[in-house]
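Q: Below you will find the structure I want to go over with you.
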Amino acid sequence: MATSGGSGGTQDEDAKHVLDEFGQKVHDEVHGEAKNYVSELKGSLSLASILGETAFTENPCKLESKYTELIEANSKRNPCKKDGKGNDVDRFSVKEQAEYDNKKMKCSNGDACAPFRRLHLCNKNFPNMNSNDSSKAKHDLLAEVCMAAKYEGESIKTHYPKYDSKYPGSDFPMCTMLARSFADIGDIIRGRDLYLGNKKKKQNGKETEREKLEQKLKEIFKKIHDNLKDKEAQKRYNGDEDPNFYKLREDWWTANRETVWEAMTCSKELDNSSYFRATCNDTGQGPSQTHNKCRCDKDKGANAGKPKAGDGDVTIVPTYFDYVPQYLRWFEEWAEDFCRKKKKKLENAKNKCRGPSGTDKYCSLNGCDCTKTVRARGKLRYGNRCIDCLYACNPYVHWIDKKKEEFDKQKNKYEKEMQKYENGASSSSGSGSGRQRRGVRSNNNYEGYEKIFYEKLEESGYKDVGKFLDLLSEEKTCKDITDDKEGIIDFNEHVDKDKEYKGTFYHSEYCQPCPYCGMKKKDPGKGWEKKSETDKCNSGNLYKPTSGAIHTPINFLYSGDKRQDIEKKLEAFCKTQNGTGGVANGSGSGTSGSKELYQYWKCYEGKDVEIDVKDEDHDEEDYQNVINAGGLCILKKEEQSEKKIESEGNSQNNHADIQKTFNDFFNFWVAHMLKDSIHWRTKKIKGCLENGTKKCGKNCKDNCGCFEKWVKQKKDEWTNIKKHF
681 MATSGGSGGT QDEDAKHVLD EFGQKVHDEV HGEAKNYVSE LKGSLSLASI LGETAFTENP
741 CKLESKYTEL IEANSKRNPC KKDGKGNDVD RFSVKEQAEY DNKKMKCSNG DACAPFRRLH
801 LCNKNFPNMN SNDSSKAKHD LLAEVCMAAK YEGESIKTHY PKYDSKYPGS DFPMCTMLAR
861 SFADIGDIIR GRDLYLGNKK KKQNGKETER EKLEQKLKEI FKKIHDNLKD KEAQKRYNGD
921 EDPNFYKLRE DWWTANRETV WEAMTCSKEL DNSSYFRATC NDTGQGPSQT HNKCRCDKDK
981 GANAGKPKAG DGDVTIVPTY FDYVPQYLRW FEEWAEDFCR KKKKKLENAK NKCRGPSGTD
1041 KYCSLNGCDC TKTVRARGKL RYGNRCIDCL YACNPYVHWI DKKKEEFDKQ KNKYEKEMQK
1101 YENGASSSSG SGSGRQRRGV RSNNNYEGYE KIFYEKLEES GYKDVGKFLD LLSEEKTCKD
1161 ITDDKEGIID FNEHVDKDKE YKGTFYHSEY CQPCPYCGMK KKDPGKGWEK KSETDKCNSG
1221 NLYKPTSGAI HTPINFLYSG DKRQDIEKKL EAFCKTQNGT GGVANGSGSG TSGSKELYQY
1281 WKCYEGKDVE IDVKDEDHDE EDYQNVINAG GLCILKKEEQ SEKKIESEGN SQNNHADIQK
1341 TFNDFFNFWV AHMLKDSIHW RTKKIKGCLE NGTKKCGKNC KDNCGCFEKW VKQKKDEWTN
1401 IKKHF
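Numbering (the numbering used here), first residue to last: 681 to 1405.
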């Protein structure tokens, strides 16, 4: 249960509300402990040495010209990532999204999955910040953090609306996105950021970018630590000279977070923007939402449940995400993003596989027209723009399978983290430091806000991961998916694999093979039904070659229908390319490597094909189509082992040969050749293509050599396809 406002009654809420509410409670406790040391740690922008003597302002929104001067003097001070042309990266573009979906490292942060937004966070100035005057270290740090926050706010304001427009459904998206980045910046400063970035990229051959950043922050906080004047403050941080300075860093953030939030929300375009939860008390009459620039009105009362203006606790910051453990925030953000994208991708699949009205056609994930396909007899028919269904379902199935893997990682992490705290240990810091002992109060093992948060989470009944998953399912964007055919969202479901419906990560009804006996329309306007409810229809081949017919052999290097199969099977192909040549077949159609990687098709001209079994399922129109479509291509049933193919036709209990018209086979071959070539270009030889003048390593040589042999194999296949044509 969660409050809908700052201190109101309780009501059922989603994970976003519950996490922010608990974060508020943690903030109040942490702020109370650090309250007496705020004056010692609070930075002043007007005293920051990096801004020069002319920066006589405490308003971070009036420092744009000073920040511009810093960037012009040193481009490495720019907080935002640049593209090859020197422009800001369009961080929410289709291109960036595609690259993100294929990044393995995004979930390699201790099983926490970094969100799309986090990959290009505008904090690139942090590793290059400096404070030559130790006495002004706390002021200089504030100036640097505000600079990052201001540019991050501008970046999200500029680029996020396009993403929100493409994947709509979230309430109050702008302020929520800013709050998420605000919290990530807070975790970076406090040494709790889980994002490891590109771990392979070295600086000076010794340290990663992440290690360089962490070292820089330690140096700055050492200067702040060494310049503490107040005796009580010195006592509080005694022993914190352990190089991490965790308690000092957390208190510095508590003292300065309001100024950082102000910097993040400078844009005039945020006027009238609201935060999703009512945490302000602008009217003085109880919890209310923000009404201007995602800020509470400090002069009118600010945060709900707090004293009105004049008390030092009053703040303009409406969010408390920065007091929620990062991986929990990321898990919630992941769930929201998953549901938004799933809804959009399913709309596309439904349109491509069923047509605009939902009943115009019935296509399978492999591009078959299910009204004419009879899998039980090896009859696979294409057409009716069913190829569009293949192009919609292929990436969708790959995407949702990867999302299931990401979900399992994050679910397991939740259980592990709760178990650690139950056992008296915590290690959720991204820095890998030793804050392990609960109850041990030395600063070297300081657990900070995370320990308090987990205690409150457990006290409220969320020790069990299932209860938290229920909260994720309550996200508005997840509840917007209401069709069983699409897979209603229930992250805490227990799926019965014997039933047709497969739950949240179901591929959907639209991305399935054709039923064994095909589909037919019900009465007008009433949708579709199977031709046979029992999936039992006449077996046997529809057609056969005439006696003495001559065929064209096409030995097809086949990489599978699933995207993950392409990588596995092309890798297997490369392993066979050891310089010994191919497997001779005497046909001139070419094979190079293990026979298990190939489909051995035989294509016949229409005049050389005759009806094999004639019954009520046969129609003369189909026979004429075979003749007019270049004849028939046949894959014998003995060639249909599961190891060799995983196609729609192979799901027919091997009652018959797979039979395609030559036109359909041609389209089938082209589609798979293009999918393979995309994998080569974007995966296996991508680094070689972008290598420039760099030395070509062994992997590059091996992959390029294998690519040449793949091209030769495809040329051999193409030669016989042209010959038959």
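Don't be surprised by glycine CBs; every beta carbon is placed ideally from N, CA and C.
Provide the residue(s) that pair with R975 in DSSP beta bridges, ordered along the chain.
A: Here residue 975 corresponds to residue number 295 of the sequence shown, with the count starting at 1. In the DSSP output, where bridge partners are listed per residue, R975 has N972.
Q: Give the straight-line distance between the Cα atoms of Y1284 and I1314, rounded to the nearest whole angstrom.
A: Counting from one through the sequence shown, the residue named residue 1284 turns up at place 604. Counting from one through the sequence shown, the residue named residue 1314 turns up at place 634. Distance between the alpha carbons of Y1284 and I1314 is about 8 Å.
Q: From the DSSP output, in three-state form, read off E1322 for me.
A: In the sequence shown, counting from the first residue as 1, residue 1322 sits at position 642. Any reading at E1322 must be qualified, since the residue scores a pLDDT of 45, below 50, and its modelled position is unreliable; the value itself is stated next. Residue state, collapsed to three classes: coil.
Q: Give a yes or no on whether the minimum CB-CB distance between P1005 and chain D is below 7 Å.
A: Although the question refers to chain D, the structure presented lacks it and comprises just one protein chain.
Q: When DSSP builds the beta bridges, which residues end up paired with M857?
A: Sequence index remark: in the sequence shown, residue 857 carries index 177 (1-based). Answer by DSSP bridge pairing: none, since M857 is not bridged.
Q: Give a yes or no on whether the C-beta atoms belonging to D1049 and G1063 are separated by under 7 Å.
A: Along the sequence shown, one-based indexing puts residue 1049 at 369. Along the sequence shown, one-based indexing puts residue 1063 at 383. Cβ atoms of D1049 and G1063: closer than 7 Å.
Q: Can you tell me whether T963 is buried or exposed? The criterion is at least 16 other CB atoms within 10 Å of its CB, across all chains shown.
A: Walking along the sequence shown from the start, residue 963 turns up at place 283. Exposed, because fewer than 16 other Cβ atoms sit within 10 Å of the Cβ of T963.
Q: Pick out the complete alpha helix (DSSP H) segments inside the segment 890-977, 4 residues or longer, and give them in chain order.
A: 911-916 and 926-944
Q: Would you kindly check if the distance between the Cβ of C1073 and the Cβ of A1015 is under 7 Å?
A: One-based indexing of the sequence shown puts residue 1015 at position 335. One-based indexing of the sequence shown puts residue 1073 at position 393. No, they are not a contact pair.
Q: List the residues that DSSP assigns as beta-bridge partners of Y1280.
A: Position 600 of the sequence shown, counting from 1, holds the residue named residue 1280. DSSP output for Y1280 lists N1235 as bridge partner(s).
Q: Could you check the C-alpha separation between S773 and K1394 for me, to the nearest Å?
A: For the purposes of this step, residue 773 is taken as the residue at position 93 of the sequence shown. For the purposes of this step, residue 1394 is taken as the residue at position 714 of the sequence shown. About 34 Å.
Q: D1226 to F1405, Cα distance in whole Å?
A: Stepping through the sequence shown from its first residue, residue 1226 is reached at position 546. Stepping through the sequence shown from its first residue, residue 1405 is reached at position 725. Looking at the sequence provided, one finds Thr at residue 1226 rather than Asp. Roughly 19 Å separates the two Cα atoms.
Q: Taking C-alpha atoms, which residue in I904, M854, I869 and E1135 lies nearest to E720?
A: The residue given as residue 720 occupies position 40 in the sequence shown. Checked all of I904, M854, I869 and E1135; the closest Cα to E720 is I904.
Q: When the Cα atoms are used, what is the spatial distance from G1146 to T1256?
A: Sequence index remark: in the sequence shown, residue 1146 carries index 466 (1-based). Sequence index remark: in the sequence shown, residue 1256 carries index 576 (1-based). Cα to Cα, G1146 sits roughly 47 Å from T1256.
Q: When you compare only the Cα positions, how much space is there between E1127 and Y926?
A: In the sequence shown, residue 1127 corresponds to position 447, counting from 1. In the sequence shown, residue 926 corresponds to position 246, counting from 1. Taking the straight line joining both Cα atoms gives about 8 Å.
Q: Could you check the C-alpha separation between F1171 and E1300 for me, to the nearest Å?
A: Here residue 1171 is taken as the residue at index 491 of the sequence shown, counted from 1. Here residue 1300 is taken as the residue at index 620 of the sequence shown, counted from 1. So the alpha carbons of these two residues sit roughly 50 Å apart.
Q: Determine the direct distance from the alpha carbon of H1187 to that of K1084, and round the result to whole angstroms.
A: For the purposes of this step, residue 1084 is taken as the residue at position 404 of the sequence shown. For the purposes of this step, residue 1187 is taken as the residue at position 507 of the sequence shown. K1084 and H1187: Cα-Cα distance of roughly 11 Å.
Q: Buried or exposed for P923, going by 16 or more other Cβ atoms inside 10 Å?
A: Sequence index remark: in the sequence shown, residue 923 carries index 243 (1-based). Exposed, because fewer than 16 other Cβ atoms sit within 10 Å of the Cβ of P923.
Q: Is the separation between the beta-carbon of A794 and that of F1001 shorter than 7 Å?
A: Along the sequence shown, read from residue 1 onward, the residue named residue 794 stands at position 114. Along the sequence shown, read from residue 1 onward, the residue named residue 1001 stands at position 321. The answer is no: Cβ separation not under 7 Å.
Q: What are the complete alpha helix (DSSP H) segments, minimum 4 residues, inside the segment 711-743?
A: 718-721
Q: Any idea what DSSP makes of A1309, helix, strand or coil?
A: As a working note, residue 1309 is residue 629 in the sequence shown. Three-state DSSP puts A1309 in coil, outside helix and strand.
Q: Identify every run of the alpha helix (DSSP H) within the segment 1148-1210, keeping only runs that are complete inside it and at least 4 residues long; order them along the chain.
A: Restricted to the segment 1148-1210, the alpha helix (DSSP H) segments that are unbroken, complete and at least 4 residues in length are 1156-1159, listed in chain order.
Q: Using beta-carbon positions only, say whether V825 and V1004 come within less than 7 Å of one another.
A: Taking the sequence shown and counting its residues from 1, one reaches residue 825 at position 145. Taking the sequence shown and counting its residues from 1, one reaches residue 1004 at position 324. No; because the gap between Cβ atoms is not below 7 Å, this pair is not in contact.
Q: Less than 7 Å between the C-beta atoms of D694 and E1166, yes or no?
A: Against the sequence shown, residue 694 aligns to sequence position 14. Against the sequence shown, residue 1166 aligns to sequence position 486. No.
Q: Can at least three beta-carbon pairs, one atom from the segment 834-845 and one from the segment 870-879, be found at a separation below 8 Å?
A: With a cut-off of 8 Å, the segment 870-879 and the segment 834-845 do not count as touching, because too few Cβ pairs lie within range.
Q: Touching or not, the segment 746-754 and the segment 946-963, by the rule of three or more beta carbon pairs under 8 Å?
A: no
Q: Please check the pair E942 and T995, which I expect to be a contact at CB under 8 Å, by giving their CB distance rounded to whole angstroms.
A: As a position in the sequence shown, residue 942 is number 262, starting the count at 1. As a position in the sequence shown, residue 995 is number 315, starting the count at 1. Wrong, their Cβ atoms sit about 10 Å apart, outside the cutoff.
Q: Exposed or buried, what is H1174 when buried is set at 16 or more other beta-carbons lying within 10 Å of its beta-carbon?
A: Along the sequence shown, one-based indexing puts residue 1174 at 494. Burial call: exposed.
Q: Output the boundary residues of the beta strand (DSSP E) element that contains T1341.
A: The residue labelled residue 1341 in the question sits at position 661 within the sequence shown. Element bounds for T1341: I1338 to T1341.
Q: Buried or exposed: A828, going by 16 or more other Cβ atoms within 10 Å of its Cβ?
A: Here residue 828 is taken as the residue at index 148 of the sequence shown, counted from 1. The residue is buried, with at least 16 neighbouring Cβ atoms inside 10 Å.
Q: So, under 8 Å CB-CB, T999 and D700 are touching, yes? Tell me the CB distance rounded to an integer number of Å.
A: Within the sequence shown, numbered from 1, the residue matching residue 999 stands at position 319. Within the sequence shown, numbered from 1, the residue matching residue 700 stands at position 20. Taking 8 Å as the upper bound for CB-CB distance, T999 and D700 are in contact here, some 7 Å apart.
Q: Given a threshold of 16 other Cβ atoms within 10 Å of its Cβ, counted over all protein chains shown, does R1361 qualify as buried or as exposed?
A: The residue you call residue 1361 lines up with position 681 of the sequence shown. Counting C-beta atoms within 10 angstroms of its own C-beta, R1361 has fewer than 16 neighbours from the protein chains shown and is therefore classed as exposed.
Q: I need the boundaries of the beta strand (DSSP E) containing P759, first residue and last residue.
A: The count along the sequence shown starts at 1 and reaches residue 759 at position 79. First-last for P759: undefined, no H or E at that position.
Q: Give every residue of the same chain whose Cβ lies closer than 6 Å to the Cβ of Q1006, excluding the five residues on either side of it in the sequence, and list them in chain order.
A: Reading the sequence shown from its first residue, position 326 is the one you call residue 1006. D867 and L874, listed in sequence order.
Q: Going by the beta-carbon positions, is the gap between K1032 and D977 smaller than 7 Å?
A: Here residue 1032 refers to the residue found at position 352 of the sequence shown. Here residue 977 refers to the residue found at position 297 of the sequence shown. No, the Cβ-Cβ distance between K1032 and D977 is not below 7 Å.
Q: Which of the three DSSP states, helix, strand or coil, is assigned to V1004?
A: Position 324 of the sequence shown holds residue 1004. If DSSP states are grouped into helix, strand and coil, V1004 belongs with coil.
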